[in-house]
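Visitor: I'd like to ask some things about the structure below.
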Amino acid sequence: MDWQFGPKSHRFDLIFHRTGPLAGQPRGYAFVTYMKSEDALKAKESLNGKLVGQRKIAVTWAHSADEDYLPVPKPKPEISIPALALSKDSKKTDRVSQIQAIEAKLKLMEQKKDELKINDSLSTKTPVIQQFQFNKEKPCGTTSKNFKSRINDRHKKPYSKRKP
Numbered sequence: 001m002d003w004q005f006g007p008k009s010h011r012f013d014l015i016f017h018r019t020g021p022l023a024g025q026p027r028g029y030a031f032v033t034y035m036k037s038e039d040a041l042k043a044k045e046s047l048n049g050k051l052v053g054q055r056k057i058a059v060t061w062a063h064s065a066d067e068d069y070l071p072v073p074k075p076k077p078e079i080s081i082p083a084l085a086l087s088k089d090s091k092k093t094d095r096v097s098q099i100q101a102i103e104a105k106l107k108l109m110e111q112k113k114d115e116l117k118i119n120d121s122l123s124t125k126t127p128v129i130q131q132f133q134f135n136k137e138k139p140c141g142t143t144s145k146n147f148k149s150r151i152n153d154r155h156k157k158p159y160s161k162r163k164p
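Going by the UniProt record's numbering, the residue at position 105 of the sequence shown is 105; the numbering climbs one at a time, nothing skipped.
Structure follows, in structure tokens:
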């Protein structure tokens, strides 16, 4: 059986199941695109009704779904919520309202600027980091006796592993 009718067929698309229990198996139809309409007509006339295996094949013209055949969407009922009745219909605000909002915010910032006062008493004090760096003069290598005595006291507790 001559499926391509020579090198005249441009494209052959066999459709497969993508998901489900039949995934990977053919759906039972294909699309063939020819370069010339005469070649497509010849293929349609000669292959329509032929036996392939134990089944007769049907060859028809492919067509795109018209709007008349598409399902009509159901009309949705309108829901009115009283709390949302005062909201604006348009989602985007216009430029004038945006400019007014920016100007109002600037005025508010100017008023807050007058309220801000720097505490002068803190600026005359020494910085906090310098207040807590009081051991800067001592060398780091020496340890105090108090520290060593605390280490020795640990070994005298009843739960220590070291024997007296």
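The beta-carbon is built from N, C-alpha and C at its ideal position, and this holds for glycine as well.
What you are looking at is a predicted structure, and each value in this text was computed from that prediction instead of being measured.
#1: If you follow the alpha helix (DSSP H) that residue 219 is part of, which residue opens it and which one closes it?
#2: Can you tell me whether DSSP reads A104 as helix, strand or coil?
#3: What's the call for V72, buried or exposed, on a 16-neighbour Cβ count within 10 Å?
#4: On the three-state DSSP scale, how would you describe R55?
#5: Nearest-angstrom Cα distance between M1 and G49?
#6: Under a three-way DSSP split, which group does R11 fall into?
#7: Quick check: F12 and P26, are their CB atoms within less than 7 Å of each other?
#8: Using a threshold of 7 Å, state whether the C-beta atoms of K42 and V59 are closer than that.
#9: Give me the Cα-Cα distance between D39 and K76, rounded to the nearest whole angstrom.
#10: Is S46 near the ligand MN, going by C-beta to nearest heavy atom under 6 Å?
#11: Thinking C-alpha only, which one of T126, A62, K125 is nearest V32?
#12: Below 8 Å on the Cβ atoms is my contact criterion, and I expect L14 with A30 to pass it. Report the Cβ-Cβ distance as a whole number of Å.
Guide: With the structure as the only source:
#1: Past the boundaries of the shown model lies residue 219; the chain is included only from 1 to 164, so the question cannot be answered.
#2: What you label residue 104 is simply residue 104 of the sequence shown in a count that begins at 1. Correct three-state label for A104: helix.
#3: For the purposes of this step, residue 72 is identified with residue 72 of the sequence shown, where counting begins at 1. Exposed is the call here.
#4: Your numbering for residue 55 matches position 55 in the sequence shown. Reduced to three states, the DSSP call for R55 is strand.
#5: Reading the sequence shown from its first residue, position 1 is the one you call residue 1. Reading the sequence shown from its first residue, position 49 is the one you call residue 49. Here the model assigns M1 a pLDDT of 48, short of 50, so the residue's position is not dependable and the matter cannot be decided.
#6: Here residue 11 is taken as the residue at index 11 of the sequence shown, counted from 1. Here R11 sits in strand by DSSP.
#7: The sequence position of residue 12 within the sequence shown is 12, counting from 1. The sequence position of residue 26 within the sequence shown is 26, counting from 1. Contact: no.
#8: Position 42 of the sequence shown holds residue 42. Position 59 of the sequence shown holds residue 59. Not closer than 7 Å, so no.
#9: Numbered from its first residue, the sequence shown carries residue 39 at position 39. Numbered from its first residue, the sequence shown carries residue 76 at position 76. Answer to the nearest angstrom: the Cα atoms are 48 Å apart.
#10: Looking for the ligand MN in the displayed structure turns up nothing, as the structure carries no ligands at all.
#11: Walking along the sequence shown from the start, residue 32 turns up at place 32. Of T126, A62, K125, the residue nearest in Cα terms is A62.
#12: Residue mapping note: residue 14 aligns to position 14 of the sequence shown, counting from 1. Residue mapping note: residue 30 aligns to position 30 of the sequence shown, counting from 1. That pair is a contact at about 4 Å.
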